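In our numbering, each residue carries its 1-based index in the sequence shown increased by 190.
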Amino acid sequence: MSEQGAQAPSVPQSDVPSAVPSPGATRRAGLLVVLVLGGLTATPPLAMDMYLPSLPEVTRSLHAPAATVQLTLTACLAGMALGQLAVGPMSDKWGRRRPLLTGLAIYIVATALCAIAPNVESLIAFRLAQGLAGAAGIVIARAVVRDLYDGVAMARFFSTLMLVSGVAPIVAPLVGGQILRVTDWRGVFVVLTAVGILLTALVWRRLPETLAPADRHAGGTAEALRSMRALLTDFPFTGYMLTGGFAFAALFAYISASPFVIQEIYGASPQTFSLLFGVNSVGLVVVGQINGKLLVGRVSMDKVLAAGLAVVVLASTALLLMATGAFGEVGLIPVATALFVLMSAMGVTMPNAQTLALMRTRHSAGSASALLGTSSFLIGAVASPLVGIAGEHTAVPMAVVQLVAGLVAVACFVGMCRPWNTRTTAEGVGS
Numbered sequence: 191m192s193e194q195g196a197q198a199p200s201v202p203q204s205d206v207p208s209a210v211p212s213p214g215a216t217r218r219a220g221l222l223v224v225l226v227l228g229g230l231t232a233t234p235p236l237a238m239d240m241y242l243p244s245l246p247e248v249t250r251s252l253h254a255p256a257a258t259v260q261l262t263l264t265a266c267l268a269g270m271a272l273g274q275l276a277v278g279p280m281s282d283k284w285g286r287r288r289p290l291l292t293g294l295a296i297y298i299v300a301t302a303l304c305a306i307a308p309n310v311e312s313l314i315a316f317r318l319a320q321g322l323a324g325a326a327g328i329v330i331a332r333a334v335v336r337d338l339y340d341g342v343a344m345a346r347f348f349s350t351l352m353l354v355s356g357v358a359p360i361v362a363p364l365v366g367g368q369i370l371r372v373t374d375w376r377g378v379f380v381v382l383t384a385v386g387i388l389l390t391a392l393v394w395r396r397l398p399e400t401l402a403p404a405d406r407h408a409g410g411t412a413e414a415l416r417s418m419r420a421l422l423t424d425f426p427f428t429g430y431m432l433t434g435g436f437a438f439a440a441l442f443a444y445i446s447a448s449p450f451v452i453q454e455i456y457g458a459s460p461q462t463f464s465l466l467f468g469v470n471s472v473g474l475v476v477v478g479q480i481n482g483k484l485l486v487g488r489v490s491m492d493k494v495l496a497a498g499l500a501v502v503v504l505a506s507t508a509l510l511l512m513a514t515g516a517f518g519e520v521g522l523i524p525v526a527t528a529l530f531v532l533m534s535a536m537g538v539t540m541p542n543a544q545t546l547a548l549m550r551t552r553h554s555a556g557s558a559s560a561l562l563g564t565s566s567f568l569i570g571a572v573a574s575p576l577v578g579i580a581g582e583h584t585a586v587p588m589a590v591v592q593l594v595a596g597l598v599a600v601a602c603f604v605g606m607c608r609p610w611n612t613r614t615t616a617e618g619v620g621s
């Protein structure tokens, strides 16, 4: 598959009727698609990050230990993982719009139920349902990008999506912190419900079908399983999938542990935590734009991915040394700096790992996207409870999980992707 090839950002025949557009209308439609897909990929940070500042309050409100409350994050993440595995093949069979709209409708109901959860057990269950339904937006957004773009153009579009969806992790915890000024953690889910309604309306009106009927798979579960098996037997695809998955685990260890590390260990307020989280997200977005605008097409994506993984390992090592007291007693600023570096590195590791994996297949983009998302979220779901295993008053588990995840990601990249072998990126499944 040529890395330089790119399809025009037009869509196949849509089930939404339209006249032949003018060039200006095409540009506006392209911008709308970017905004809609950005909104869909923002579903995880919205569902996770807006809720993060309220985690300590949830432990007090529902009279549950921190480790149990962190399972609300794990449940949502596991739901997003399993949901993608189901929705991806559905979108290959029935097109992108129908599964997407169904998932968004269920997501709205589940989020509203989270707002009225009477105890932590029911909140965990509702968060699982929220994740299962919200998976539709994640997996189908990636599949739509694969429908429209290829090679370098796809990598650049993923970086553009990171700019749009990157606003969510910047704004979400800030909004969550401000919501807690006027209401409790339940108000956060009320706001998330309203956002889900607005996004569903936007998808209904503005996102056309991007998978032409002729390109859909007529088979059922058996064909979906065959497609996934073919993808998994492709060593480079699986290597990039696991590389991105373990990098995501390092990121999610930060997401699930940082509210307790920043607020409980270093005594910061929910608003201060939200500000630091937003600054870290700015780093991720800026590096993602540097990746898309300056690096992609000029520097090998494998080389950029390798550099990003190296930074993740170095930042995680520094965090572990600080958490264990190797540098003596350190304050919030050095820890926040190391977390900023780690988050910024995700701006090159995640989009490049996803792009290199999706370049391995011309067909079954939904199934490929499902495998990428499922692996990332399942690995992240395993990492989430591990960061709280020693309680909420030490950052050592977070740093250990991040370092181990980073090292495993490097091992998968080197051992399975074999980036020095140009054939691993030149040949793909179904090419």
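Every residue, glycine too, gets a C-beta built ideally from N, C-alpha and C. Since the structure is predicted, the reported quantities are computational estimates derived from the model, not experimental observations.
Among Arg419, Pro587 and Ser559, whose alpha-carbon lies nearest the alpha-carbon of serine 506?
The sequence position of residue 506 within the sequence shown is 316, counting from 1. Comparing Cα-Cα distances from serine 506 to each of Arg419, Pro587 and Ser559, the minimum goes to Pro587.
Going by beta carbon distance, what residues of the same chain come within less than 8 angstroms of glycine 605, once the five residues before and after it are set aside?
Taking the sequence shown and counting its residues from 1, one reaches residue 605 at position 415. The residues are Gly429.
On the three-state DSSP scale, how would you describe threonine 428?
Position 238 of the sequence shown, counting from 1, holds the residue named residue 428. If DSSP states are grouped into helix, strand and coil, threonine 428 belongs with the helices.
Tell me which residues share the same chain as phenylalanine 316 and place their Cβ nearer than 7 angstroms to its Cβ, disregarding the 5 neighbours each side in the sequence.
The count along the sequence shown starts at 1 and reaches residue 316 at position 126. Contacts found: Ala300, Leu303, Cys304 and Ala307.
From what residue to what residue does the alpha helix (DSSP H) around tyrosine 297 run?
To locate residue 297, count along the sequence shown from 1; it is residue 107. Looking at the DSSP string, the run of the alpha helix (DSSP H) that includes tyrosine 297 is 287-304.
Report all residues from its chain with a CB closer than 6 angstroms to the CB of leucine 568; omit the five preceding and five following residues, and keep chain order.
Along the sequence shown, read from residue 1 onward, the residue named residue 568 stands at position 378. Answer for leucine 568: Ala271, listed in chain order.
Taking leucine 236 as the reference, give the member of Leu364, Leu484 and Met418 with the closest Cα.
Stepping through the sequence shown from its first residue, residue 236 is reached at position 46. Residue Leu364 is the option with its Cα nearest to leucine 236.
Label glutamine 274 either buried or exposed according to how many other C-beta atoms from any shown protein chain fall within 10 Å of its C-beta, with 16 as the threshold for buried.
Taking the first residue of the sequence shown as position 1, residue 274 is located at position 84. Glutamine 274 should be labelled buried.
In chain order, which alpha helix (DSSP H) runs of at least 4 residues are fully inside the segment 388-452?
Qualifying alpha helix (DSSP H) stretches, in chain order: 411-422 and 425-450.
Please report how far the alpha carbon of arginine 395 lies from the alpha carbon of glycine 293, in whole angstroms.
The residue labelled residue 395 in the question sits at position 205 within the sequence shown. The residue labelled residue 293 in the question sits at position 103 within the sequence shown. Taking the straight line joining both Cα atoms gives about 16 angstroms.
Which term fits threonine 545, buried or exposed, when burial requires 16 or more other beta carbons within 10 angstroms of its beta carbon?
Numbered from its first residue, the sequence shown carries residue 545 at position 355. Buried is the call here.
Alpha carbon to alpha carbon, how far is valine 594 from glycine 521?
On the sequence shown, residue 594 is found 404 positions in, with the first residue counted as 1. On the sequence shown, residue 521 is found 331 positions in, with the first residue counted as 1. If I take the Cα positions, the gap works out to 24 angstroms.
In angstroms, rounded to a whole number, what distance separates the CA positions of alanine 420 and threonine 373?
The residue given as residue 420 occupies position 230 in the sequence shown. The residue given as residue 373 occupies position 183 in the sequence shown. Alanine 420 and threonine 373: Cα-Cα distance of roughly 50 angstroms.
Determine, using beta-carbon pairs with one atom in the segment 397-404 and one in the segment 330-347, whether at least three such pairs fall under 8 angstroms.
Touching, per the Cβ criterion.
Spatial neighbours of glycine 377 within its chain, please: CB distance less than 7 angstroms, with the 5 preceding and 5 following residues excluded, ordered by chain position.
Within the sequence shown, residue 377 is the residue found at index 187, counting from 1. Same-chain partners within the cutoff: Ile369.
For the alpha helix (DSSP H) containing proline 255, list its first residue and its last residue.
One-based indexing of the sequence shown puts residue 255 at position 65. Neither: proline 255 is in no alpha helix (DSSP H) and is coded neither H nor E.
For alanine 440, tell me which candidate among Leu597, Glu247 and Leu252 has the shortest Cα-Cα distance.
Position 250 of the sequence shown holds residue 440. Closest option to alanine 440, Cα to Cα, is Leu597.
Would serine 281 and isoleucine 328 be called neighbours here (beta carbons separated by less than 8 angstroms)?
To locate residue 281, count along the sequence shown from 1; it is residue 91. To locate residue 328, count along the sequence shown from 1; it is residue 138. The answer is no: Cβ separation not under 8 angstroms.
Taking 6 angstroms as the limit between beta carbons, can you name the residues of its chain near glycine 379, skipping five residues before and five after?
Within the sequence shown, the letter at position 189 stands for residue 379. According to the sequence shown, residue 379 is phenylalanine rather than glycine. Answer for phenylalanine 379: Thr301, Cys304 and Ala305, listed in chain order.
Taking all protein chains shown into account, do 16 or more other C-beta atoms lie within 10 angstroms of the C-beta of alanine 384, making it buried, or fewer, making it exposed?
Counting from one through the sequence shown, the residue named residue 384 turns up at place 194. So alanine 384 ends up on the exposed side.
Under the three-state reduction of DSSP, which class applies to threonine 262: helix, strand or coil?
Residue 262 sits at position 72 when you count from the first residue of the sequence shown. It is helical.
Do glycine 563 and threonine 350 have their beta-carbon atoms positioned less than 8 angstroms apart in this structure?
The residue you call residue 350 lines up with position 160 of the sequence shown. The residue you call residue 563 lines up with position 373 of the sequence shown. It is not a contact, given that the beta carbons lie outside the stated cut-off.
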